[in-house]
Amino acid sequence: LPDPVCGESGPMPDTSIPMDADAMRSTLTDVAQELGPHGPQHTVVIVGGAHLALTGIRESTVDIDSITLLDDELKSAIKSVALNRGIQLNWLNDDARGFTPATFELRECEVVFDSDRLRVLAAPMRQVFVMKLYRSNARDFEDMTAIWSRCNFDSPREVVELFYEAYPHAPDDEFLEDF
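Be aware that the sequence shown starts at 1435, since it is given in the working numbering, and climbs by one per residue.
See below:
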């Protein structure tokens, strides 16, 4: 089996340690240092709980979900930091790639961490909202409630329209506006 890191399969010990914003920044700093001084800058776009924790909406999260494909160099640095810190190997992963909205625009993201070798961007809150609506598990519902006021939607109808623009393949749901 491949090493269980960054979305790869395999058994993984339960080392899910909640990280607050400071812990995330510290761990990302370790990744940037692990990447070394030479080479390209890696850009990672985060969504989910880490996004909400870094923007003060949520207290903590156990991982950082990215919609950016993580390359081998970055995965190696992530794994090294995980082993050094004793945290789960996929603490920074690209598992959210499949939820990337068709309406996503990189230029609309906000920089939340920046170093010579690693830049982390937070997806726009409206995009995060529709991603959570698309996935719609219990935690997503809590997060949608928490971020609603930051999305500046004019109405539930506007959310539904953005949802179907973001996920044109999604089946019609006559009750979505009432969700």
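Each residue gets a CB set at the ideal place from its N, CA and C atoms; glycine is no exception.
How is the beta strand (DSSP E) around residue i delimited, first residue to last?
{"i": "residue 1499", "result": "1498–1500"}
{"i": "residue 1534", "result": "It is not in any beta strand (DSSP E) - residue 1534 carries neither H nor E in the DSSP assignment."}
According to the Cβ coordinates, are residue i and residue j closer than 8 Å?
{"i": "residue 1464", "j": "residue 1499", "result": "no"}
{"i": "residue 1469", "j": "residue 1540", "result": "no"}
{"i": "residue 1580", "j": "residue 1492", "result": "yes"}
{"i": "residue 1535", "j": "residue 1564", "result": "yes"}
Which residues does DSSP list as the beta-bridge partners of residue i?
{"i": "residue 1451", "result": "BP columns for residue 1451 are empty, so no partner."}
{"i": "residue 1560", "result": "According to DSSP, residue 1560 bridges with nothing at all."}
Report the rounded CA-to-CA distance for residue i versus residue j, giving the unit in angstroms.
{"i": "residue 1588", "j": "residue 1495", "result": "29 Å"}
{"i": "residue 1489", "j": "residue 1482", "result": "11 Å"}
{"i": "residue 1604", "j": "residue 1573", "result": "21 Å"}
{"i": "residue 1558", "j": "residue 1585", "result": "9 Å"}
Excluding sequence positions up to five away, which residues of its chain have a Cβ less than 7 Å from the Cβ of residue i?
{"i": "residue 1571", "result": "none"}
{"i": "residue 1515", "result": "1461, 1464, 1465 and 1468"}
{"i": "residue 1545", "result": "1553 and 1555"}
{"i": "residue 1477", "result": "1502, 1553 and 1555"}
State the start and end residues of the unbroken alpha helix (DSSP H) segment that holds residue i.
{"i": "residue 1574", "result": "1572–1585"}
Cβ of residue i within 7 Å of any heavy atom in the ligand GDP?
{"i": "residue 1488", "result": "This structure lacks the ligand GDP, and indeed carries no ligand of any kind."}
Here's a check: name, in chain order, each residue in its chain whose Cβ is nearer than 6 Å to the Cβ of residue i, leaving out the five neighbours to either side.
{"i": "residue 1525", "result": "1497 and 1516"}
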